[in-house]
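**Q**
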Amino acid sequence: MKRKIVQIIAFGYSNAHLLNFKGGKIYQGKWKQFCNPGLNCYSCPAAGFACPIGALQAVNGSMEFQFSFYVVGVLLAFGVLLGRAVCGWLCPFGLIQELIHRIPSPKLRLKKIFLYLKYLVLVVFVFVLPVTATNYMGMGKPAFCQYICPAGTLQGGIPLLGTHEELRRTIGALFSLKMAILLLTIVGCIFIYRFFCRTLCPLGAIYGLMNKVSLCHLEVDKNRCVNCGKCKNICKMEVDPVREPDSAECIRCGACAQICPKNAIDVGLTKQDRKCRDAEKSV
Amino acid sequence: MNSRSKCFARIIIAVTACGFLVYGTARGEVEIVLNKAVNICLECIGLG
Ligand code: SF4
Ligand code: SF4
Ligand code: SF4
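As they're listed, the protein sequences go chains W and A. The end of the first sequence is residue 293 by the numbering used here, with every number in the run present. The end of the second sequence is residue 362 by the numbering used here, with every number in the run present.
1) Over what stretch of residues does the alpha helix (DSSP H) that includes G278/W continue unbroken?
2) For A340/A, would you say it is in contact with chain W, using Cβ-to-Cβ distances shorter than 7 angstroms as the test?
3) Quick check: does the Cβ of Y157/W come within less than 6 angstroms of any heavy atom belonging to ligand 1?
4) Please confirm whether P62/W and C45/W have their CB atoms less than 7 angstroms apart.
5) Less than 7 angstroms between CB atoms is the rule here; does S72/W satisfy it with respect to chain A?
6) If the cut is a Cβ gap below 9 angstroms, which residues of chain A does Q76/W touch?
7) Compare the C-beta of A215/W against all C-beta atoms of chain A and say whether one is closer than 7 angstroms.
8) Apply the 10 Å Cβ neighbour rule to L118/W and answer buried if 16 or more other Cβ atoms are within range, or exposed otherwise.
9) Counting pairs of Cβ atoms below 8 angstroms between the stretch 228-242 of chain W and the stretch 261-281 of chain W, do you hit three or more?
10) Who sits around ligand 2, taking every residue whose Cβ is closer than 5 angstroms to one of its heavy atoms?
11) Please state if the CB of F79/W and the CB of F322/A are separated by a distance shorter than 7 angstroms.
12) Any chance you could list the beta strand (DSSP E) runs of at least 3 consecutive residues sitting entirely within the stretch 208-276 of chain W, in chain order?
13) Does the Cβ of M220/W have 16 or more other Cβ atoms within 10 Å, making it buried, or fewer, making it exposed?
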């Protein structure tokens, strides 16, 4: 419940300019020079900040620079502090996927091999293509936005095309491709928890790698753990926190810590007082 | 990774992040980000 409230607040501050939906405009103020920690399209009429993955590609593909120290600095800072807790608590597109997953249906597991796809997407579409596939002026396009990102299609494409007749007239094969990926994402999320986060999101890949060192961490007290397996069974990201507390897939949601009958798991920025939690649970 | 090396890695990454932020800002990357973010991105919406 606490997590849901934080997620809703994060969604709200990321998309505060709701009135822009009416006229199909986007917010053009100074706050857009700052990056949102999570994936939130800057072409969404309501968005108040820049999308970090879009911003990274924009600088990587610019005429002047081939690497963005600014955006990588922002990502390292968020990553070292929170790691993938950004995904679990702050990312607007993460919340959207969780809500889609609530649609009643059989829930499926994801084959492990698909987890590696997002690293390939990060390297090829965010770093390599914007720098190498350039025009005569030396400018590259944001390949992840262009060919893959379903957040852009959902948050920017649909509302803006709905309000701009002139844009609708230019719809082509690329839009069909992006709509197909959006539909695949929606269907995938109905059956598989956070399908996009786990298979395709380059931001999730970056934060996942930083889970190993982030200040927000998961810790298991092996002296308390009785290996009952409840934590592993409750984890929708299919992580076994006892075996892999630093797993790149752990979004630090805290569900395992809550279910643990022995209070053996700590998730957060600081070590919590276990005695205090023992008392809370016994009440 | 033991907690000592984790702590060391955190400090190195935090210092690198600050350095990158300052350097990136100083060489004008923020303007590129702002310029991209305040205009409709045709690639994002599937037209570019
Ligand atoms: S299309 Fe996706 S990656 Fe690109 S700016 Fe929008 S949300 Fe970010
Ligand atoms: S993996 Fe990507 S889309 Fe999913 S919550 Fe993390 S940043 Fe957001
Ligand atoms: S291991 Fe625990 S904190 Fe991590 S995703 Fe699974 S349930 Fe959430």
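All residues carry an ideal CB built from backbone N, CA and C; glycine is no exception.
**A** From the atom records:
1) Segment 275-278 is the beta strand (DSSP E) holding G278/W; no alpha helix (DSSP H) there.
2) no
3) no
4) In this structure, P62/W lies near C45/W, with their beta-carbon atoms less than 7 angstroms apart.
5) yes
6) Within 9 angstroms Cβ-Cβ: nothing; Q76/W doesn't reach chain A, min ~11 angstroms.
7) no
8) exposed
9) yes
10) G48/W, L49/W, C97/W, C101/W, F103/W, G104/W, C207/W, C211/W, L213/W, G214/W
11) No. Outside cutoff.
12) 227-230
13) M220/W comes out buried.
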